[in-house]
Amino acid sequence: MNKNLEAIHKYLLNKNVNKETIQYFDTHSVYLAIEIADYAHRDQKRANGEGYFNHPYRCLQVYRELVGIKEDDPFCIDNDLMHQFGIPFEGVQEVCLLHDVLEDTEFSIDDIRYMYIECGFGQFFDSYIKDALLCITHDKNVNYSSYIEKCLSNPISALVKMMDLQDNIYVLDLNEFNEENYFRSQRYLFWLYHINSKYHFIENVEKYKKAFKKLS
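Okay, here's the thing in structure tokens:
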């Protein structure tokens with residue numbers, strides 16, 4: 001077994017996750033991303049003291065709420081219709097979960113790729129996840145404006161960056177809402193607007209929901 005995947009399994013077993021559940025996670029691309037992100041961020045905390053993994057997991061939930069994904073409901077969305085309206089689906093949930101792993105943890109893009117190959121998702125990773133993860137990873141030697149432009153080069157990374165920014169401007173999670181955090185949130189709101197100005201995700205989701213409702 002892949003050594004990183006083996007380490008993740010041991011970590012989950014120590015958290016009292018049973019073997020059957022772990023085996024099930026390995027057979028689903030999104031759940032595999034949950035495993036990897038949970039382990040990768042295991043010793044990290046947000047500024048307010050919460051476990052870091054809560055952040056990418058909330059990004060996943062924001063995306064699901066945005067497009068109407070409901071767990072265990074295979075008819076809650078229409079993939080083809082989403083694509084017609086310019087809304088990415090394949091790979092988005094995984095990138096929501098993994099978007100900070102390359103930047104903030106010991107895992108490389110190849111480490112993640114080999115785990116996906118091990119679980120039978122190598123082609124899916126290469127097609128939908130790899131480039132988006134590389135685009136959304138911020139090289140600190142690159143200024144933020146150039147970084148956002150890199151995110152914009154891939155619609156998946158652009159959409160996930162919106163989910164990331166949305167969670168980061170949630171002021172009720174702050175230790176204090178001081179002037180620094182106010183201006184930080186203001187900057188993030190600007191970049192949210194900038195990303196949406198290119199892809200019009202917000203408007204397209206509304207159009208998609210109306211069209212989907214007519215089909216239901």
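Going by the numbering used here, the sequence shown opens with residue 1, and the numbers climb by one from there.
Note that beta-carbon positions come from the ideal geometry of N, C-alpha and C, so glycine has one too.
{"query": "On a CA-only basis, which of 144, 137, 154, 110 is nearest residue 128? Give me that one, please.", "result": "154"}
{"query": "Residue 186 to residue 18, Cα distance in whole Å?", "result": "44 Å"}
{"query": "Quick one: any contact between the segment 191-201 and the segment 162-180, if contact means 3 or more CB pairs under 8 Å?", "result": "yes"}
{"query": "The alpha helix (DSSP H) spanning residue 198 covers which residue range?", "result": "179-199"}
{"query": "What residues match up with residue 45 in a beta bridge as DSSP calls it?", "result": "51"}
{"query": "Kindly say whether residue 62, judged by its beta-carbon, lies nearer than 8 Å to any beta-carbon of chain B.", "result": "The structure shown contains no chain B, having only a single protein chain."}
{"query": "Which term fits residue 88, buried or exposed, when burial requires 16 or more other beta carbons within 10 angstroms of its beta carbon?", "result": "buried"}
{"query": "Where do the ends of the alpha helix (DSSP H) carrying residue 144 lie?", "result": "144-152"}
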